[in-house]
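Below is one structure, written out as structure tokens; comments come after it.
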Amino acid sequence: MAQQAFVQSLRQIVGDANVLDSDVHLQLYQYDAYLEERRPDAVVFVHSTEEVARVVKVCHDYGVPFVPRGGGTNLSGGTIPFKGGVVLEMIRMNRLLEVDKANLRARVQPGMFNLELGNALAPLGYQYLPDPASQKAATLGGNVAENSGGPHCFKYGVTTNHVTGLTVVLSDGAVVTLGGEAPDEPGYDLTGVFVGSEGTFGVCTEVVVRIVRQAEGVKTMLAIYDSIEKGSETVSAIVAAGMVPATLEMMDQLVIQAVEKSLSCGLPLDCATVLIIEVDGLKDDLEAQTEAIERLCLAHGAREVRVAKNDAERALLWAGRRGAFGAVARLTPSYLVCDGTVPRTALPEVLRKVAEVGEKYDLRIPNVFHAGDGNLHPLILFDWRDAEQKERVMKAGMEILALCVQLGGTISGEHGVGLEKMDAMRLVLSEADIRCQLKLKQAFDPSDLANPGKIFPAPLEVAHVQ
Amino acid sequence: MSSELAAFRATLAQAIGEDHVLAAVESTAPYAVDGVCPALVLRPGTQDEVAQVVTACAAARVALVPWGGGTSMTAGNPPKRLDAVLSLERLDRVVEFDADNLCITVEAGLTLARLQALVAAKQEILPLDPPASDRVTLGGLVAANLSGPSRLLHGTARDWVLGLRVVLPSGEQIRCGGRVIKNVTGYDMNKLFIRSFGTLGVITEVTLKLLPMPETRASVLGLFPTLAAAKAVLEAVQASFLLPEAMDLLDPAAAGLLLPALGLASPTGHLLATAFSGSQATVDRQVRDLEALVAEQGGRGLTLREAASTQAWQAITNVLGSVPPASLRVLIQVSVPIGRTAGMLASVSARAAEQGLSAAVTCHAASGLLRAALLPAPELPADAALEALAAATLALRDEAVALGGSLTVQAGVPAFKARVDAWGTPGSGFATMRRIKDAFDPHGLCSPGRFLGGI
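Chains as they are written, first to last, in this note's numbering: chain L, 73 to 538; chain H, 12 to 466.
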């Protein structure tokens with residue numbers, strides 16, 4: 073039987089213990105942090121580029137789809153094996169291969185957690201800047217696949233701005249190196265297009281990242297508001313004043329309350345919103361910058377501004393922000409995270425309209441987001457056991473994305489399209505735009521085996537039939 | 012004129028106006044690429060007109076090369092075919108300047124200098140500073156991935172382009188990205204067109220992220236008796252907390268071209284120029300630290316502020332443009348890992364000297380990018396001169412490739428390019444690049460042959 077022969081070929085490459093295909097095991101790999109599920113046919117633990125290449129080659133020979141999976145934190149269904157096939161479990165490829173201080177690069181395997189890299193670099197005085205809130209559990213391979221952002225991306229850019237080279241296994245099993253340590257490789261920027269390709273171009277097995285010196289100083293402050301509108305106005309005011317803080321993060325009252333219940337960070341429970349603002353760089357003007365921002369916040373209606381006095385206070389503020397998604401899980405069995413993005417000045421308007429969407433569909437929608445980037449994360453709360461409620465949630469989510477597009481923004485800032493936003497692609501892209509993206513997909517993966525069934529909406533003809 | 016060609020010209024004239032279809036040889040000669048003169052120069056006035064022109068070219072199987080300011084037309088390999096140049100000079104409008112959101116959308120033919128002047132009026136900057144900013148267009152900057160000294164702190168076009176509009180080789184118009192700073196709506200198509208060198212279509216519109224204008228700027232220029240002394244300062248800065256905007260290192264020949272303008276007349280040496288921008292407090296501190304480092308290494312220091320600093324950087328950025336243009340001059344760009352930059356600077360001088368060439372070398376010393384002008388001795392016969400230029404260039408390419416880098420030819424006569432491929436040997440990703448090119452431009456009509464591996 074083909075299936076048996078196929079699995080046998082996999083076992084020959086990685087050994088029996090590294091292929092899982094029992095029901096119980098497969099069940100564990102049928103979901104990620106999104107809401108849909110689909111069971112794979114096999115899970116393969118891989119340990120090297122060579123193993124990945126051989127496994128992918130076997131998949132190619134049998135015409136079996138494959139999906140690489142890191143921490144499984146994906147919020148848009150990117151790691152769900154939508155068309156079955158093999159899940160490549162990358163988590164054991166988790167080594168830091170090289171820290172090259174002279175050339176300001178690090179070479180890492182994709183299964184390493186983002187935070188682990190940070191922890192390894194810190195004692196050397198260096199850092200890797202992109203820092204998704206899920207950095208404890210999100211892998212660098214996943215960051216590459218999704219072009220992940222994070223709080224510090226307002227000043228420092230997203231993953232793509234910090235990845236200079238990749239080793240990739242293409243869907244026919246060929247191993248290619250793209251970019252590297254040196255800049256401006258001749259030819260098309262395949263590193264640049266691979267980052268953010270959501271596993272649909274192949275499997276990344278090694279990443280070369282840019283590292284930088286740690287900042288000389290950091291100041292973190294918390295601005296507390298009784299009006300969410302005033303908080304979001306302050307964000308634009310800070311930027312208009314010519315300042316570029318490292319972070320401009322916002323949480324609203326529902327999120328604050330959830331965070332306080334689970335983490336006790338000392339956030340005021342009675343305020344409408346807080347801004348977490350951090351400035352970093354040379355210590356010479358940090359004090360002055362902090363004071364200027366404090367004045368601006370107060371002038372724009374903050375009731376109080378607290379400046380973290382030490383590392384412990386700073387860590388507590390960040391624990392609250394980074395723990396926000398987890399804490400909100402206390403409020404309901406499930407939630408849908410929207411990831412729409414708008415031009416910064418549209419924040420007050422979009423927040424007002426998100427609240428209206430909540431009222432219209434009778435849903436609670438707390439907000440926690442990267443305000444500096446204009447990247448919203450409304451969390452639509454619901455109970456997955458209630459099918460009718462889930463339907464309302466999906467409608468509300470789509471309406472919020474449409475709002476973002478109307479205000480000059482887009483449907484995803486950092487979580488990816490995956491399964492979740494395929495139908496929203498047409499809110500932003502023309503048929504010609506979609507065809508153009510598909511050409512790129514076909515050039516990388518002519519046999520459509522790398523994470524198939526994602527990103528692209530069904531062709532229009534089919535959509536009409538439905 | 013064949014009837015087919017006449018019909019094609021009539022279609023174009025109808026689309027963009029007869030005045031903008033240039034066929035007389037005196038009009039088309041200035042648009043020759045590596046000695047190949049186009050039969051037609053087409054000057055559409057709008058993005059839709061660009062699409063009509065490209066559609067007509069596709070239907071008639073006419074090979075075209077997009078042309079912005081023409082500053083990168085000496086780079087790359089000679090075109091395999093060149094029927095028409097598509098000039099974007101009339102597309103120089105601002106589509107939208109959203110100063111509050113630090114974002115501007117412009118047509119591709121607008122020059123960088125004009126964009127900078129526009130955004131400066133709102134106290135904003137685009138931190139990209141390639142040579143010849145008065146002629147470089149935004150479309151050209153993106154297509155050729157041009158950069159300048161401040162890439163050290165600010166990166167390159169790929170870090171500042173938020174969105175593009177492109178006319179594909181089929182004539183179809185598409186959009187990539189948008190105008191928000193985080194965007195993962197499908198693939199990052201901007202990256203495909205940045206540095207695609209006109210081979211995947213015609214960029215017609217560019218949306219860019221901007222920065223607030225820094226409070227102040229200053230530079231410290233250090234002239235050092237040895238490369239080792241300059242390198243010691245460079246490495247001390249890299250190990251420190253300092254955040255220079257730019258660090259350029261010039262060999263004595265390149266420095267010699269600048270020194271009169273900078274008032275550092277007599278002694279020769281390696282010049283390390285470091286720029287700082289930001290608040291007064293941080294710039295002052297960094298200037299002090301750097302002055303101390305320069306003195307410690309026995310350098311002669313000169314600190315310039317504000318306009319004087321800006322002027323100095325104009326001269327530094329354009330220094331190779333002031334190399335006396337000899338008929339066989341070759342310009343190369345070498346890319347190596349950051350820590351290898353200063354060493355490569357020495358290699359370029361050495362390999363040139365071995366071949367009896369004179370060289371002027373400059374580099375973005377903490378970014379891994381070098382540029383050099385190579386000149387044969389004037390008395391050398393052309394064949395021998397070309398052999399020497401080719402030998403030095405290929406030796407340097409081997410060295411760069413061994414370090415994980417590359418060497419590209421930015422300018423050279425066709426006889427030189429016949430000896431040295433402008434891009435070098437493609438890597439393992441090339442099969443995918445080839446498939447991309449074939450999918451986007453199946454008839455090979457957009458800048459055919461000018462790019463890597465014959466693309």
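Just so it is clear, CB atoms sit at the ideal spot from N, CA and C, and this is done for glycine as well.
When rounded, the separation of the alpha-carbon atoms in residue 249 of chain L and residue 456 of chain L is 43 Å. For residue 437 of chain H, at least one C-beta of chain L is nearer than 8 Å to its own C-beta. In the structure shown, the three-state DSSP call for residue 313 of chain H is strand. Restricting attention to L:98, L:300, L:216, L:87, the CA atom closest to the CA of residue 424 of chain L is found in L:300. Counting the other Cβ atoms within 10 Å of the Cβ of residue 317 of chain L gives 16 or more, which makes it buried.
By the Cβ rule, the region 244-258 of chain L does not count as touching the region 197-212 of chain L, because fewer than three pairs are nearer than 8 Å. Counting only the Cα atoms, residue 340 of chain H lies some 8 Å from residue 422 of chain H. In the three-state reduction of the DSSP assignment, residue 337 of chain H falls in the coil class, being assigned neither a helical nor a strand state. If only uninterrupted alpha helix (DSSP H) runs of at least 4 residues are considered, those enclosed by the region 155-219 of chain L are 186-193, 212-218. Within the same chain, Cβ atoms closer than 6 Å to the Cβ of residue 380 of chain H are found at 346, the five residues on either side in sequence being excluded. In this model, residue 204 of chain L and residue 223 of chain L are separated by some 7 Å (Cα to Cα).
Within the region 155-176 of chain H, contact with chain L at the beta-carbon level (separation under 9 Å) is assigned to 156, 158, 162, 166, 167, 169, 170. At least one CB atom of chain H sits nearer than 8 Å to the CB of residue 516 of chain L.
Among the residues facing chain H, residue 218 of chain L is included, as its CB has a counterpart in that chain under 8 Å away. At least one beta carbon of chain L lies nearer than 8 Å to the beta carbon of residue 109 of chain H. For residue 430 of chain H, the closest alpha carbon among the candidates H:165, H:361, H:395, H:23 is that of H:395. Take the alpha-carbon of residue 285 of chain L and the one of residue 275 of chain L: they are about 30 Å apart. What residue 450 of chain H touches in chain L, judged by beta-carbon distance under 9 Å, is 511, 512, 514, 515, going in chain order. Secondary structure of residue 201 of chain H (DSSP, three-state): helix. Closer than 9 Å at the C-beta level to chain L, one finds these residues of the region 236-260 of chain H: 246, 249, 250, 251, 252, 253, 254.
Assigned with DSSP and collapsed to three states, residue 229 of chain H falls in strand. Residues of the region 172-202 of chain L with a C-beta atom less than 9 Å from some C-beta of chain H are 172, 173, 174, 175, 176, 177, 197, listed in chain order. By the C-beta criterion, the region 310-324 of chain L is judged to be in contact with the region 429-445 of chain L, since at least 3 inter-stretch pairs fall below 8 Å. Using beta-carbon distances, residue 127 of chain L does not count as an interface residue toward chain H, since no partner is under 8 Å.
The beta carbon of residue 107 of chain H sits closer than 6 Å to the beta carbons of 116 from its chain, once the five residues preceding and following it are set aside; these are given in chain order. Here the alpha carbons of residue 79 of chain H and residue 304 of chain H stand approximately 42 Å from one another. Of all residues in the region 336-366 of chain H, only 346, 347, 348, 349, 350 place a beta-carbon less than 7 Å from a beta-carbon of chain L. Counting C-beta atoms within 10 angstroms of its own C-beta, residue 83 of chain H has 16 or more neighbours from the protein chains shown and is therefore classed as buried. The C-beta separation of residue 285 of chain H from residue 330 of chain H comes to about 16 Å, leaving the pair out of contact by the 8 Å criterion. The residues 287, 290, 318, in chain order, have a CB closer than 6 Å to that of residue 352 of chain L in the same chain once the five nearest residues on each side in sequence are set aside. Taking 8 Å as the threshold, the shortest C-beta distance from residue 329 of chain H to chain L does not fall below it.
Residue 220 of chain H has H:114 as its beta-bridge partners, per DSSP.
Looking at the DSSP output, residue 281 of chain H sits in a beta bridge with H:235. Here residue 292 of chain L is not near residue 364 of chain L, since their CB atoms are 8 Å or more apart. Counting along the chain, residue 465 of chain L sits inside the alpha helix (DSSP H) bounded by residues 459-478. Beyond the five residues adjoining it in sequence on each side, residue 119 of chain L comes within less than 7 Å, by CB distance, of 164, 165 in the same chain, given in chain order.
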